[in-house]
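Q: Per the working numbering, the sequence shown starts with residue 40, numbered consecutively.
Where a beta carbon is used, it is the ideal one built from N, C-alpha and C, also for glycine.
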Amino acid sequence: MKQKRIGLYIHIPFCKQKCYYCDFPSYPGMEDYWESYIDALLQELILKAEEFQTPYVETVFVGGGTPSLIPAAFISKILDTVYIHYNVASDCECTIECNPGTLSEEKLKIYKDSGVNRLSIGLQACQDEILKALGRIHTFEDFLSSVELARKHEFDNINADIIFGIPNQTFEQWQETVARIISLDLDHVSCYSLLIEEDTVYGNMRKKGTIKEAEDELDRKMYHYAVDSFNAAGLYQYEISNFAKPHFRCRHNMNYWRRGEYLGVGAGAHSHYNGRRFANTTDIALYIKGVNSRKPVLSEDNYLSREDRLEESIFLGLRLNEGIDISKLSREFGTDLESRINKKLQKLISQNLIERNGTVIRLTEKGMDFANAIIVELI
Ligand code: SF4
């Protein structure tokens with residue numbers, strides 16, 4: 040039997056402080072839990088390797104939270120455990136998420152020695168006043184030092200995360216952030232529109248009326264400016280929010296969008312394996328207790344129906360610039376997708392929201408502004 044090829048996600052849920060817009064499972068001030076959490080994580084890695092019969096791992100992503108906050112010796116232990124208990128591809132893409140202000144020479148050296156070959160650094164904006172307003176712990180100068188240190192240690196695959204549509208952010212400030220990123224000649228950029236979620240500091244501020252979301256028109260102007268600027272600079276868009284130099288797409292995330300299989304380890308981590316989607320509890324104490332008794336506590340566990348899987352393929356695949364192949368999906372799911380969506384598809388093509396090349400359809404640049412609505416209409 041052909042061995043499964045998977046991505047492995049490892050969640051480190053700790054941060055120095057909570058950013059005002061953040062609703063991820065990440066917690067500041069839990070230093071007392073670090074050691075017992077890492078012990079549980081190592082245990083879960085071994086349990087999953089046994090349960091899923093030493094899967095063949097093509098990508099590893101250590102995400103958070105802020106993985107670069109905890110001692111690098113923990114990261115080294117985690118990756119050693121992966122190498123011992125999993126079948127790791129010789130060209131495995133191994134990413135760690137870092138935040139400026141938490142990296143050091145020593146940490147980077149240990150990451151390199153542990154097999155990390157890709158760094159994803161959270162910047163968000165290049166103006167210190169915006170970073171402060173977002174509740175970030177670092178300055179732009181800290182980010183520049185992190186990139187310099189990373190290059191000194193020969194990391195040659197670096198991503199920066201940036202955000203637009205931040206309350207009070209001007210178009211000129213966004214242009215400056217895009218230009219600074221381009222001038223750094225990074226290999227990959229993830230660029231997201233800020234969504235204000237309810238249970239965040241920003242969510243409460245919006246409720247009180249002390250901040251306002253960016254106007255739609257400005258948000259879209261910022262997005263298209265980034266798409267055009269990055270494409271012109273050789274950072275080609277390959278997903279709605281992601282840009283990369285040729286050969287530097289994030290393979291780990293490509294696997295998500297192509298509905299590949301992956302295992303997630305750690306509090307709140309999600310897995311997709313054999314048609315089953317499941318996720319660990321986000322409660323750290325409960326997570327540690329569950330793993331220690333060899334019964335990880337799940338917050339969700341579903342087998343997807345054929346229809347669900349088809350919808351997911353359309354939903355995720357249309358985020359990618361490569362789009363989806365209607366006849367391939369029809370064969371895979373035993374349905375005549377062409378006839379099912381033909382009428383809606385014609386309408387979307389005539390509105391210049393979707394373009395078609397043979398059996399492949401993809402969103403146009405205009406269509407990307409309405410991605411969610413288009414995908415819902417189509418499925
Ligand atoms: S560093 Fe990232 S995960 Fe941590 S609080 Fe900020 S946005 Fe959330």
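Find out if the Cβ-Cβ distance for the pair G204, Y59 is shorter than 8 Å.
A: Taking 8 Å as the Cβ cut-off, G204 and Y59 do not qualify as a contacting pair.
Q: I51 and V101 - do their beta-carbons sit closer together than 8 Å?
A: Yes. Within cutoff.
Q: At which residue ranges does the segment 85-164 contain complete alpha helix (DSSP H) runs of 4 or more residues, listed in the order of the chain?
A: List check, alpha helix (DSSP H) in window: 111-124, 144-153.
Q: Tell me whether the beta-carbon of S159 lies closer than 8 Å to the beta-carbon of T141.
A: No, they are not a contact pair.
Q: Which of the three DSSP states is assigned to Y326 in this structure?
A: Three-state DSSP puts Y326 in a helix.
Q: Cβ atoms of K43 and Y122: under 8 Å apart, would you say?
A: Not in contact: Y122 and K43 (Cβ atoms no closer than 8 Å).
Q: If you follow the alpha helix (DSSP H) that Y301 is in, where does it begin and where does it stop?
A: First-last for Y301: 300-304, but that is the beta strand (DSSP E), not the alpha helix (DSSP H).
Q: Pick from I365, K382, I363, I353: whose alpha carbon is nearest that of N411?
A: The residue with the shortest Cα to Cα distance from N411 is I353.
Q: D167 lies in the alpha helix (DSSP H); which residues open and close that run?
A: From DSSP, the alpha helix (DSSP H) with D167 extends over 167-172.
Q: Is the CB-CB distance between G161 and N196 below 8 Å?
A: Cβ distance not < 8 Å, so G161 and N196 don't count as in contact.
Q: Between which two residues does the beta strand (DSSP E) carrying H50 extend?
A: Unbroken beta strand (DSSP E) run through H50: 44-51.
Q: Could you check which residue in D364, K383, L387, I327 has the C-alpha nearest to that of R297?
A: Residue D364 is the option with its Cα nearest to R297.
Q: Opposite I201 in the DSSP bridges: which residues?
A: The partner list for I201 (beta bridge, DSSP) reads Q163, C230.
Q: Is K328 near the ligand SF4, judged by its Cβ being under 7 Å from some heavy atom?
A: Flag unset: Cβ of K328 not near the ligand SF4.
Q: Under 8 Å, do T403 and I393 count as touching if we go by C-beta distance?
A: Yes, the pair counts as a contact, with Cβ atoms nearer than the cut-off.
Q: Heavy atom of the ligand SF4 less than 7 Å from the Cβ of S159, yes or no?
A: No, the ligand SF4 has no heavy atom inside 7 Å of this Cβ.
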